[in-house]
Each structure stands twice: as C-alpha cells, then as structure tokens.
Amino acid sequence: MKVFAISDLHLSSAVGKPMDIFGDGWLNHFERVRENWLSLIGEDDLVLLGGDMSWGLTIEEAAPDYAAVAELPGQKVVVKGNHDYYWTSLGKMQTAFPSFGFVQNNCLRRGKYLITGTRGWNLPTEDSSEHDLKIYRRELLRLELSLKCAEKTKTEDDVVIAMLHYPPFDAKYGDSEVTTLLEKYGVRTVTYGHLHGKNARVTPVVRKNDADYYLTSCDLVNNTPVRIF
C-alpha cells in the first residue's frame with residue numbers, strides 16, 4: 001500500500017464556483033488532478049484528503065464533488081477544511097459518503113497506518129479575537145482526542161499519520177502548541193494544506209524535530225498527489 005496526500009480540491013459541481021478566477025494555475029485543475037491521480041494511484045493505495053473538498057453549502061450540494069473523487073482509485077480518508085460548510089457532523093458524513101473515511105475526534109486504521117487529525121485553525125497572535133482563540137483551543141482538544149485514539153490501538157509496527165488542514169506552524173516554521181502536541185504523541189508524519197497562491201510559503205517538506213510536515217495544497221503541488229509512504 002502506497003500512501004498519498006492532497007488537499008484543497010475546492011470542487012464546485014453543484015454551485016458553479018470555478019477556481020480559475022484565482023489564476024491560471026487553477027484552470028481545469030481537477031482534470032489535471034484526475035490525470036495525475038490515475039497515473040500514480042492504485043485501488044489498494046491510500047489517499048489522504050486534507051480538507052476543502054467542496055464549495056457546496058449542504059451535503060446535497062457537495063455530493064457530486066464527492067462522487068467525482070469516489071470514481072478515482074484508492075482508499076480515501078478526509079479531514080475537514082475551513083470551507084467545508086456542508087460538514088455538520090461525523091455521523092452525517094459517514095452516512096452520506098460511505099466509501100470515504102472521515103477523521104474528527106477519532107482515528108482510522110488503514111493497514112498499518114493509523115490516521116489522525118483535525119481541521120486546525122489560525123495560530124494565536126496578539127491580535128487574535130476571543131472567537132478565534134476559542135476555535136483554536138477546541139481544535140487542539142480535537143487533535144488530542146484523535147491522537148489518544150491512535151495511542152490506544154497502536155502496535156509496534158504501526159505508523160501514525162496526522163492530517164491537518166491549517167498549517168501547524170507560522171511562516172518561520174516555529175514551534176507551536178500544535179507541533180508540541182504532535183511530538184508528545186510521537187507523530188513523525190504530518191500533512192497540511194490551506195495555503196494558496198504565488199506568494200504562499202512553499203516548502204514541500206519541512207523536517208522539524210524528527211517529523212516530516214508535507215504541504216499538500218493542490219495548486220502548490222502541481223495538482224499532483226504527494227507520496228508520503
């Protein structure tokens with residue numbers, strides 16, 4: 001089983017919100033994702049989808065986007081992004097899209113891989129609002145719940161992967177409460193997305209305190225799933 005990751009597909013089959021308004025790099029981007037996916041990924045491989053799957057506001061609006069991804073090969077696991085407004089609860093997502101796995105306050109096993117994660121949020125600054133701080137703290141709690149889930153079931157040969165949507169560090173890749181928590185539970189492989197555009201910080205893999213952090217935003221990885229194992 002090979003393991004790949006990609007995030008921020010921003011599909012909009014039902015709501016008509018094409019991404020090419022943000023630049024030529026988004027022109028027909030999902031066609032390029034599909035082509036690269038088919039050339040790299042087999043049915044037995046694992047694909048980690050790091051949030052912002054669909055612009056749909058409801059599960060019904062997101063359904064054709066999930067259907068388009070479901071047609072592609074591989075086992076698929078999803079974590080919530082900040083634009084996944086249709087995602088109201090884990091149970092509803094599992095019912096609506098049974099061919100996908102979803103991570104929220106839980107962990108999932110796929111072979112020897114234990115998949116953990118959470119959406120995350122903007123890291124606190126001196127200008128952070130109480131509202132943002134509340135969301136950030138809640139996301140830390142959710143991440144720890146997921147990591148504890150993996151810790152309970154992990155065996156010696158298992159590999160824990162953490163999927164995040166938001167970056168776990170600032171522009172200088174400094175330590176944060178998020179990276180400290182990941183290190184506490186011995187996570188050595190982390191994926192994240194959310195960043196976009198020509199001015200985004202683009203380091204494909206950040207090596208930090210014995211862990212590898214993989215950037216997976218589709219426009220920043222040439223619309224190509226990133227192989228992590």
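1 is the number of the first residue of the sequence shown in UniProt numbering; add one for each residue after it. For every residue, glycine included, the Cβ atom is placed at its ideal position computed from N, Cα and C.
Excluding residues up to 5 positions away in sequence, F4, A5, I6, N36, W37, L40, I41 and V47 lie with their Cβ nearer than 7 Å to the Cβ of P225 in the same chain. Excluding sequence positions up to five before and after L108, its CB lies within less than 7 Å of the CB of V77, G101 and I115, all in the same chain and listed in chain order. Assignment of T125 by DSSP, reduced to helix, strand and coil, places it in the coil class.
By the C-beta criterion, the stretch 68-76 is judged not to be in contact with the stretch 133-149, since fewer than 3 inter-stretch pairs fall below 8 Å.
If you keep only unbroken beta strand (DSSP E) runs of at least 3 residues inside the stretch 115-180, you get 159-164. The C-alpha of E130 lies about 18 Å from the C-alpha of N82. Here DSSP, grouped into helix, strand and coil, assigns Y113 to strand. Between Y213 and V206, the gap from beta carbon to beta carbon is short of 8 Å. For Q75, the number of other beta carbons within 10 angstroms of its own is at least 16, and it is reported as buried. In the three-state reduction of the DSSP assignment, T216 falls in the coil class, being assigned neither a helical nor a strand state. Judged by DSSP in its simplified three-state form, F4 adopts strand. Fully contained in the stretch 31-98 are the following alpha helix (DSSP H) runs of length 4 or more, in chain order: 59-70 and 90-96. Between P167 and H194, the C-beta spacing is below 8 Å.
Counting of Cβ neighbours within 10 angstroms places A62 among the buried residues, the total reaching 16 or more.
The shortest C-alpha to C-alpha distance from T95 to any of L215, K112, N28 and Y66 is the one to Y66. Per DSSP, the unbroken beta strand (DSSP E) holding Y192 starts and ends at T189 to Y192.
Taking the Cα positions, D210 is about 7 Å away from R188. Counting of Cβ neighbours within 10 angstroms places N223 among the buried residues, the total reaching 16 or more.
Here L145 has N105 as same chain residues with Cβ atoms under 6 Å from its own Cβ, once five neighbours each way along the sequence are excluded. Between G117 and M163 the beta-carbon gap is near 3 Å, inside 8 Å, which marks them as a contact.
Linking P204 to V221 through their CA atoms gives a straight-line distance of about 8 Å. With a 10 Å radius around the Cβ and a threshold of 16 neighbouring Cβ atoms, M1 comes out exposed.
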